[in-house]
Ligand SMILES: Nc1ncnc2c1ncn2[C@@H]1O[C@H](COP(=O)(O)OP(=O)(O)O)[C@@H](O)[C@H]1O
Ligand code: SF4
Ligand SMILES: [Mg+2]
């Protein structure tokens, strides 16, 4: 079970439940990179299908390199899609032209890990916030221009107030603010155009624990008030219980498991989800370091998605058997979620789950 984050709400409020109206849908999403060093293209995302409903938060979790940002960037139009589909509110935006993409930024916004990197240090906060507002008014993108009430300066003041900052913050520069305040500013800038979806890519990973809790509480509050949906990308499982209604677990660019947050956090079925949870934060820093290093060693030992055949997790899975190395497990519907594991439910019993010990994921079965 994941630890809770001090000062943070335990649940993000009631989820849309009972089949939320889809806002974002990806279907068979595949992202390939062609780099000089690699002769053949490298597939970072393999046929990912996920849905984010209106006003819903879906966490996309996995270790570093599992393809989370590639999915987020494809949705944002920052990374080309090799194959598959991305739909937003029913519209196919997979290959939206630049003009449509610019317009879509009124509907789909992003908050990244490093707010300092995304705020221009020589522009005041007011200048940075007013920029997207004016751009969308110029292009007439979405209905954001008309949705905002008052002059641009009033809207900037209102957005800052919304994220808990004083209106006079608009006249100051990014360097005058702490990391947590800068992330609030980045959220205000995303919100000012009234988007319906925000891709949050590790938005709290650079923040202290207490500040993380504040930013998460703020995101949840904004969702309750504004109905915005979040695709929440994180490697940190301690966070997801506080933000997400549903969870998608990614490994080597493949979906391993999906389900409600409660289901995935309390009763993970996939051996990879179990290993990830076993490596999630614990109160003892030494134990924490040991678990993290252990997981990092395993990552180094096996390249995710590197096998041409079979289950991508097989090189690290304590339950791997011969068929696992030959057949790619299909993603199947199981108990209201999805699972890609050839040996489920055979390995479902707690007694068959040695990976509660994070080191266990290193040992092949029978070793
Ligand atoms: N622009 C790129 N060019 C080549 N390879 C990339 C690029 N971006 C990401 N990758 C590779 O794709 C894989 C997935 O990366 P990424 O989506 O950033 O994962 P995550 O966000 O889960 O850490 C990694 O192996 C990474 O090195
Ligand atoms: S049991 Fe087999 S199919 Fe299931 S995760 Fe392990 S290696 Fe993959
Ligand atoms: Mg990333």
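Numbering (the numbering used here), first residue to last: 119 to 485. Note that CB positions come from ideal geometry on N, CA and C, so glycine has one too.
Reference residue i; option with closest CA among the options
i	options	result
residue 171	143, 161, 153	143
residue 307	324, 384, 203, 280	280
residue 200	320, 465, 389, 166	166
residue 123	361, 389, 378, 445	361
residue 428	445, 440, 435	445
residue 455	364, 404, 273	364
residue 310	342, 253, 218, 463	253
residue 245	217, 219, 274	274
residue 229	443, 300, 255	300
residue 103	377, 343, 430, 355	Past the boundaries of the shown model lies residue 103; the chain is included only from 119 to 485, so the question cannot be answered.
residue 323	353, 149, 214, 302	353
residue 345	147, 237, 173	173
residue 378	316, 453, 255	453
Sequence-distant residues of the same chain with beta carbon closer than 6 Å to residue i, five excluded per side
i	result
residue 185	162, 163, 368, 371
residue 270	248, 251
residue 386	392, 395
residue 465	437
residue 169	140, 143
residue 321	229
residue 237	246, 292
Chain-order list of residues whose beta-carbon lies under 8 Å from that of residue i (same chain, five-residue window excluded)
i	result
residue 391	367, 374, 375, 382
residue 277	247, 306, 307, 309, 310
Residue i beta carbon near ligand 1 (any heavy atom closer than 7 Å)
i	result
residue 158	no
residue 369	no
residue 379	no
residue 304	no
residue 151	yes
residue 162	yes
residue 328	no
residue 184	yes
residue 103	Residue 103 lies beyond the stretch modelled for the chain, which goes from 119 to 485, so this question has no answer here.
Local Cβ density within 10 Å of residue i, reported as buried at 16 or more and exposed below that
i	result
residue 284	exposed
residue 193	buried
residue 420	Below a pLDDT of 50, predicted positions are generally treated as unreliable, and residue 420, at 44, falls in that range; the measurement from the model is reported next regardless. Under this definition residue 420 is a buried residue.
residue 451	exposed
residue 338	buried
residue 208	exposed
residue 294	exposed
residue 240	exposed
residue 267	exposed
residue 181	buried
residue 176	buried
residue 153	exposed
residue 159	exposed
residue 418	Caution applies to residue 418, whose pLDDT of 41 falls short of 50 and renders its modelled position unreliable; the value that the coordinates give is listed next. It is exposed - the Cβ of residue 418 has fewer than 16 other Cβ atoms within 10 Å.
residue 296	exposed
residue 146	exposed
residue 222	buried
Contact test: residue i Cβ vs ligand 3 heavy atom, cutoff 7 Å
i	result
residue 320	yes
residue 187	yes
heavy atom of ligand 2 below 7 Å from residue i C-beta
i	result
residue 373	no
residue 350	no
residue 465	yes
residue 447	yes
residue 432	yes
residue 233	no
residue 389	yes
residue 363	no
residue 438	yes
residue 460	yes
residue 383	no
Beta-carbon contacts of residue i that lie in its chain and below 7 Å, excluding the five residues immediately before and after
i	result
residue 298	325, 329, 332, 333
residue 441	460
residue 290	242, 243
residue 217	none
Nearest-angstrom beta carbon gap, residue j and residue i [assumed within contact, 8 Å]
i	j	result
residue 227	residue 319	Not a contact, Cβ separation roughly 11 Å.
residue 447	residue 458	4 Å
residue 203	residue 212	5 Å
residue 233	residue 304	4 Å
residue 190	residue 219	That pair is no contact at about 15 Å.
residue 350	residue 178	7 Å
Short CB-CB distance (under 8 Å) between residue i and chain C
i	result
residue 430	In the displayed structure, chain C is absent; only one protein chain is listed.
Proximity test, residue i beta-carbon vs ligand 5 heavy atom, cut-off 7 Å
i	result
residue 284	Within the structure as shown, ligand 5 is missing, the only ligands being ligand 1, ligand 2 and ligand 3.
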